[in-house]
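Trainee: Heads up, the sequence shown is in our numbering, so the first residue is 138 and it goes up one at a time.
Ideal Cβ placement from N, Cα and C applies to all residues, glycine included.
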Amino acid sequence: MTLVLAPGSSPHPLDLLTGEEIEAAVAVVRERLASLGPPGPHAERARFSTVALEEPPKDEVLAHRPGDPVERRVRLVIVPGPECRVMEAVVALAGSTRAASIVSWTERSDVRPAMLFEEAFGAVVAVAEHPDWQAAMRKRGITDFGKVQIDPWPTGSFGVPIEEGRRIARCLTYYREQPTDNGYARPVEGVLAWVDLGRGEVLEVVDHGVVPVPEDPGSYYPEDHQPPRPGLRPVEITQPDGASFAVDGNLIRWLGWSLRVSLDPIEGLVLHTVGYDGGDGVVRPVLHRASIAEMVVPYGDPGPLHGWKNAFDVGEWGLGRLSNSLADGCDCLGRIHYLDVTFADEQGQPFELAHAVCLHEEDYGILWKHQDLHSGRTEVRRSRRLVVSSIATVGNYEYGFYWYLYLDGTIQLEVKLTGVLSTQALPPGTRSAYAPAVAAGLAAPVHQHLFCARLDLDVDGPVNEVHEVDTVPADAGDANPWANAFVPVVTRLEREGDAQRTVDAARSRHWRIVNPGATNGLGEPVGYKLVPGPTPTLLASPESSVGRRAAFATRNLWVTPYTPEERRPAGNYPNQHPGGDGLPAWTAADRSIAGTDIVVWHTFGLTHIPRPEDWPVMPVESCGFHLVPVGFFDRNPALDLPPPTHCS
Ligand SMILES: [Cu+2]
């Protein structure tokens, strides 16, 4: 069931971008393009890589009160032609879409924006028409070129001469007997095509040798898995009085919590101004802004067809642009409210992605319980969480992003990974140390998925600091006569150079974000702790190409002073970037992170050693982290929950 609620009752600086705003911003940019150079080519050839809300500075967001005037701005990245050149524009709508004007215009050369879908499609067509690729297919007995799937990949940065000065895709081929086949079941091993995306030209086709195409079609469709498992009876989620949240535009209020939600075309799901009201009408800020600001999927197979594979799915493709339209009863259950999001296509035309973000509640077992053995009295409270979710499909893979808010003040991000493995064919009778077999003649390279969450925490205000907490055995001696003692050791991180840290499960390492200027009822600074999961760091060498480009993934924690333009930990243009941009560049100054507004960057994820059970479609594997109040409240903040009415 879907709740139908009105759009925002009062304009807010973080309202979702509208189609009218996109049209106005694109129109004024097109006028500027038409005025540049010879008539025609710029305005006609230009494509819009990004059209997004230019979020106002933090102090403006915080100062906004209902009824205040709102100046809306739109940020655009324009690709004017086939070269490695973009124009970055910010357009002010000045309170009216009719009064749009360009407030900044920056031309940048030697950068590659996120891949353009139109150009990626053009690359597929160009490869399929190329005689060298066709010859490679015929060599493998494939003569019907309508029965192939060609996947364009971002190419990385390896100093390959033909890639210099161009926007490149490397294309891999898969065989599909039927149009609905799972292409990844039948990789056409050995064939790699380089395409100049801007010019739509195949530059080179390399054939590393024939490996038989695996035969199993790898179907996950129900018609191929009959009969269905018997005995699965319906589960109905009923909420007879409706959901416990209220939505006003993109502002959500739920049982003390309030937050705004948006979907950025590049970063995907974004939470804004997350705060908690303990019942006295005062919203205490916790998290000013949270997003997945970059991610990387490095593959661990050193072979010529797979060794270059790594994907920065935020900066090279854009998680928001790849988000699904979610379906009732499938992606979420219960009383659901969807946010519909308006994006621009690459021609600058607005289009609506309906049901892009799902809001719903979930029962989550017990929150707290005690049975008093003396009196026999039992108290138990149910846990419930508000779920804010979106799902992006990036080629073969799905990433589900699930933010949870709980009744005890906890915030969690869970990323659910599913979809289809990236595969390779193995020569008959062989095995690979780098790519476990998942089906007959089919293997999937080991790889990692490493996400970088940018967490602009404002725990009871913007001035926060970060304390690393390790719990360690106490020294032997008179003060520890039973040698049992262990103690949390708290270290304040003073400068950026001190704040490049990794997880340490043996020490229960976590990081407390505290407000030194706000104390709780016990006289201690209020705080939230970042509790990491069992996460790896990057396994590729830091000196490797991917290691240089994804330096953010070599550490689980970075802390920087809040700087509005520092948004993306591998830089704004990681596509074919040689590396060093983003966090390594900013933190080289070793700025102070004490007594100031700070941003916490948490890299987390998992190392994926493919299993047969991951084939032909992968059951969800999860990773993520928690933000848990530590002295933010004076006691369990969920004592006021009413007892359940249905237990006896
Ligand atoms: Cu994986």
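If you reduce the DSSP assignment to three classes, tell me which class glycine 471 lands in.
Mentor: Taking the first residue of the sequence shown as position 1, residue 471 is located at position 334. Reduced to three states, the DSSP call for glycine 471 is coil.
Trainee: Could you tell me the boundaries of the beta strand (DSSP E) in which phenylalanine 488 lies?
Mentor: The residue labelled residue 488 in the question sits at position 351 within the sequence shown. Per DSSP, phenylalanine 488 belongs to the beta strand (DSSP E) from 487-508.
Trainee: I want to know whether the stretch 338-358 touches the stretch 462-469 - three or more CB-CB distances under 8 Å.
Mentor: The stretch 338-358 vs the stretch 462-469: no contact.
Trainee: Would you mind reading off the limits of the beta strand (DSSP E) that contains aspartate 734?
Mentor: What you label residue 734 is simply residue 597 of the sequence shown in a count that begins at 1. Looking at the DSSP string, the run of the beta strand (DSSP E) that includes aspartate 734 is 733-745.
Trainee: Determine the extent of the beta strand (DSSP E) in which glutamine 271 is found, giving its start and end residues.
Mentor: Along the sequence shown, one-based indexing puts residue 271 at 134. Taken as a continuous stretch (DSSP letters only), glutamine 271 belongs to no beta strand (DSSP E), being part of the alpha helix (DSSP H) at 268-276.
Trainee: Would you say the beta carbon of histidine 745 comes nearer than 7 Å to a heavy atom of ligand 3?
Mentor: Ligands displayed in this structure: ligand 1; ligand 3 is not among them.
Trainee: Rounded to a whole number of angstroms, what is the C-alpha to C-alpha distance between lysine 553 and arginine 277?
Mentor: Mapped onto the sequence shown, residue 553 falls at position 416. Mapped onto the sequence shown, residue 277 falls at position 140. Cα-Cα distance, rounded: 37 Å.
Trainee: Relative to the C-alpha of valine 600, which candidate in Cys760, Leu743, Val651 has its C-alpha closest?
Mentor: Position 463 of the sequence shown holds residue 600. For the residues Cys760, Leu743, Val651, the minimum Cα distance to valine 600 belongs to Val651.
Trainee: Which residues does DSSP pair with histidine 783 in a beta bridge?
Mentor: The count along the sequence shown starts at 1 and reaches residue 783 at position 646. Beta-bridge pairing links histidine 783 to no other residue.
Trainee: Using the three-state DSSP reduction, which class does tryptophan 752 fall into: helix, strand or coil?
Mentor: The count along the sequence shown starts at 1 and reaches residue 752 at position 615. If DSSP states are grouped into helix, strand and coil, tryptophan 752 belongs with coil.
Trainee: Leaving out five residues on either side along the sequence, give the residues of the same chain with a beta carbon under 8 Å from the beta carbon of proline 781.
Mentor: As a first step, residue 781 must be located in the sequence shown, where it is residue number 644. Counting only Cβ-Cβ distances below 8 Å, and skipping sequence neighbours, we find Val517, Arg518, Arg519.
Trainee: Would you check if the distance between the CB atom of leucine 329 and the CB atom of isoleucine 305 is smaller than 8 Å?
Mentor: Counting from one through the sequence shown, the residue named residue 329 turns up at place 192. Counting from one through the sequence shown, the residue named residue 305 turns up at place 168. No, Cβ-Cβ distance for leucine 329 and isoleucine 305 is not below 8 Å.
Trainee: Mind checking tryptophan 331: buried by the 16 CB within 10 Å criterion, or exposed?
Mentor: As a first step, residue 331 must be located in the sequence shown, where it is residue number 194. The residue is buried, with at least 16 neighbouring Cβ atoms inside 10 Å.
Trainee: Valine 668: which of Arg686, Glu551, Arg728 sits nearest, CA to CA?
Mentor: Residue mapping note: residue 668 aligns to position 531 of the sequence shown, counting from 1. Of the candidates Arg686, Glu551, Arg728, the one whose C-alpha sits nearest the C-alpha of valine 668 is Glu551.
Trainee: For ligand 1, is there a heavy atom less than 7 Å away from the beta-carbon of histidine 586?
Mentor: Translated into the one-based positions of the sequence shown, residue 586 becomes position 449. Yes; taking the cut-off as 7 Å, the Cβ of histidine 586 has a heavy atom of ligand 1 nearer than that.
Trainee: Can you name, in chain order, every residue of its own chain whose Cβ lies under 8 Å from the Cβ of aspartate 281, other than the five neighbours on each side?
Mentor: Translated into the one-based positions of the sequence shown, residue 281 becomes position 144. Within the same chain, aspartate 281 has no close Cβ partners at all.
Trainee: Relative to the C-alpha of alanine 707, which residue among Val166, Val207, Thr740 is closest?
Mentor: Position 570 of the sequence shown holds residue 707. Per the Cα distances, Thr740.
Trainee: Would you say the stretch 567-582 touches the stretch 764-776, given that touching needs at least three Cβ pairs under 8 Å?
Mentor: Verdict: no, contact absent.
Trainee: Does chain C have any CB closer than 8 Å to the CB of glutamine 585?
Mentor: Given the protein chain composition of this structure (a single chain), no chain C is represented.
Trainee: Is leucine 554 near ligand 1, judged by its Cβ being under 7 Å from some heavy atom?
Mentor: The count along the sequence shown starts at 1 and reaches residue 554 at position 417. Yes; taking the cut-off as 7 Å, the Cβ of leucine 554 has a heavy atom of ligand 1 nearer than that.
Trainee: On the three-state DSSP scale, how would you describe glycine 283?
Mentor: Indexing the sequence shown from 1 puts residue 283 at position 146. The answer is helix: DSSP assigns glycine 283 an H, G or I state.
Trainee: For aspartate 477, which residues of its own chain have a beta-carbon under 8 Å away from its beta-carbon, when the five flanking residues on both sides are left out?
Mentor: The residue labelled residue 477 in the question sits at position 340 within the sequence shown. Closer than 8 Å at Cβ, skipping near neighbours: Glu489, Leu490, Ala491, His492, Ala493.
Trainee: Beta carbon of valine 207, beta carbon of valine 165: below 8 Å?
Mentor: By 1-based counting over the sequence shown, the position of residue 207 is 70. By 1-based counting over the sequence shown, the position of residue 165 is 28. No; because the gap between Cβ atoms is not below 8 Å, this pair is not in contact.
Trainee: In or out: histidine 149 buried (at least 16 other Cβ within 10 Å) or exposed?
Mentor: Numbered from its first residue, the sequence shown carries residue 149 at position 12. Classification for histidine 149: buried.
Trainee: Does the stretch 674-692 come close enough to the stretch 209-220 to have 3 or more Cβ pairs within less than 8 Å?
Mentor: No, the stretch 674-692 is not in contact with the stretch 209-220.
Trainee: Let me know if alanine 143 comes out buried or exposed under the rule of 16 or more other beta-carbons within 10 Å of its beta-carbon.
Mentor: Residue numbering aside, residue 143 sits at position 6 when the sequence shown is read from its first letter. Bear in mind that a pLDDT of 43 at alanine 143, under 50, signals an unreliable position, so the number given afterwards is only what the model happens to contain. So alanine 143 ends up on the exposed side.
Trainee: Straight-line CA distance for glycine 440 to aspartate 269?
Mentor: Here residue 440 refers to the residue found at position 303 of the sequence shown. Here residue 269 refers to the residue found at position 132 of the sequence shown. Distance between the alpha carbons of glycine 440 and aspartate 269 is about 21 Å.
Trainee: From the DSSP output, which residues share a beta bridge with isoleucine 403?
Mentor: In the sequence shown, the residue the question calls residue 403 occupies position 266. BP columns for isoleucine 403 are empty, so no partner.
Trainee: Touch check for the stretch 587-606 and the stretch 420-427: three-plus C-beta pairs under 8 Å?
Mentor: Segments in contact, yes.
Trainee: Where alanine 590 and valine 407 are concerned, what is the direct C-alpha to C-alpha distance, given to the nearest angstrom?
Mentor: Position 453 of the sequence shown, counted from the first residue, corresponds to residue 590. Position 270 of the sequence shown, counted from the first residue, corresponds to residue 407. Cα-Cα distance, rounded: 10 Å.
Trainee: Excluding five sequence neighbours on each side, which residues of the same chain lie with their C-beta closer than 8 Å to the C-beta of valine 757?
Mentor: Along the sequence shown, read from residue 1 onward, the residue named residue 757 stands at position 620. Once the five neighbours on either side are set aside, the close Cβ partners of valine 757 are Gly537, Lys553, Leu554, Thr555.
Trainee: With respect to the alpha helix (DSSP H) encompassing lysine 446, which residues constitute its N-terminal and C-terminal limits?
Mentor: The residue labelled residue 446 in the question sits at position 309 within the sequence shown. That residue, lysine 446, is in no alpha helix (DSSP H); it is neither H nor E in DSSP.
Trainee: List in chain order: all unbroken beta strand (DSSP E) runs of 3+ residues lying wholly within the stretch 319-360.
Mentor: Whole beta strand (DSSP E) segments, 3+ residues: 328-333, 338-344.
Trainee: Measuring alpha carbon to alpha carbon, tell me which residue in Gly485, Tyr311, Val264 is nearest glutamate 160.
Mentor: Taking the first residue of the sequence shown as 1, we reach residue 160 at position 23. Answer by Cα proximity: Gly485.
Trainee: Going straight from the alpha carbon of proline 618 to that of leucine 776, what length do you get?
Mentor: Residue mapping note: residue 618 aligns to position 481 of the sequence shown, counting from 1. Residue mapping note: residue 776 aligns to position 639 of the sequence shown, counting from 1. If I take the Cα positions, the gap works out to 39 Å.
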